[in-house]
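J.:
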């Protein structure tokens, strides 16, 4: 049995379409989304509908909570503009879907899906200390978890107590050691930030205990044109081609 994991879609319909088609071609049995369905890009409504149609198991990200009104924090003007637009274009049933998302999910007892970290839904695992803290928390508070899949940073990482792997600019397979607990970030579907513009997702093979990363090309120019047409900050379009 194998399942797909993706996250940080950020309303990028072109990227999400490519990723879901790829996972379908690979015949995964289930797909999980780690949150941040909306934000930054131009097609929140279409992305929500596509996830529902494909029966993707979703959790909530901070941008989803911005849109649902759960978070009312001080945010950058360009982000606020996107949030306001997203609220206007989403139908009530789509807003209800986003508002009802949980902060985390377990599956088969040993797999945990979060947006930020296992310690807090908005924590960034973006340093060695943050990684250590999260691993320690997992082993102490949730010792039954074998792999925690997380998003938020938009950076594909595989972290254990023995190593931190960050080199995922192209397709790559990793055999995981069942003796270790792992933190795994699939990277971002809709706004990669690891200096690679290709959309990112993973497939985990349960029987082989094997992780496979995929980097997929999508029509960036179409996504960029939509961002500019709506009147979002041009930097949101420019960064897509740079992968940052």
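Numbering (this note's numbering), first residue to last: 14 to 257. Virtual Cβ for every residue (Gly too), placed ideally from N, Cα, C.
Quick check on this structure: which residue in 194, 216 and 189 has the alpha carbon closest to the alpha carbon of residue 200?
T.: Per the Cα distances, 216.
J.: Pop quiz: residue 127 and residue 161 are said to be a contact at Cβ under 8 Å. What is the actual Cβ separation, rounded to whole angstroms?
T.: Rounded, the Cβ-Cβ distance is 6 Å, consistent with contact.
J.: To test your reading of the DSSP string, which unbroken beta strand (DSSP E) runs of 3 or more residues are found completely within the region 149 to 183?
T.: Those beta strand (DSSP E) runs which fall completely within the region 149 to 183 and span 3+ residues are 160 to 162 and 170 to 172.
J.: So, residue 231 versus residue 27, is the Cβ gap smaller than 7 Å?
T.: It is a contact, given that the beta carbons lie within the stated cut-off.
J.: Tell me which residue opens and which closes the alpha helix (DSSP H) that residue 10 is part of.
T.: Coverage of the chain is limited to positions 14 through 257, which leaves residue 10 absent and any answer about it impossible.
J.: Could you tell me which of 185, 44 and 166 sits nearest to residue 118, measuring between CA atoms?
T.: When each option's Cα is compared against that of residue 118, the closest is 44.
J.: In angstroms, rounded to a whole number, what distance separates the CA positions of residue 180 and residue 67?
T.: One C-alpha to the other measures close to 30 Å.
J.: Determine the burial state of residue 133: buried for a count of at least 16 other Cβ atoms within 10 Å of its Cβ, exposed for fewer.
T.: With fewer than 16 other Cβ atoms within 10 Å, it is exposed.
J.: Please return the same chain residues whose Cβ sits closer than 6 Å to the Cβ of residue 225, not counting the five positions on each side in sequence.
T.: Cβ neighbours of residue 225 beyond the five flanking positions: 186 and 216.
J.: For residue 125 and residue 158, I'd like the C-alpha separation in whole angstroms.
T.: The alpha-carbon atoms of residue 125 and residue 158 are separated by roughly 7 Å.
J.: Tell me whether residue 49 sits in a helix, a strand or coil according to DSSP, three-state version.
T.: Residue 49: coil per DSSP, three-state reduction.
J.: Do you know how far the Cα of residue 49 is from the Cα of residue 97?
T.: Looking at the two C-alpha atoms, the distance is approximately 15 Å.
J.: Excluding the five sequence neighbours on either side, which residues of its own chain have a C-beta within less than 7 Å of the C-beta of residue 249, listed in chain order?
T.: The answer, listed in chain order, is 53, 91 and 240.
J.: Is residue 78 buried or exposed, if buried means 16 or more other CB atoms sit within 10 Å of its CB?
T.: The residue is buried, with at least 16 neighbouring Cβ atoms inside 10 Å.
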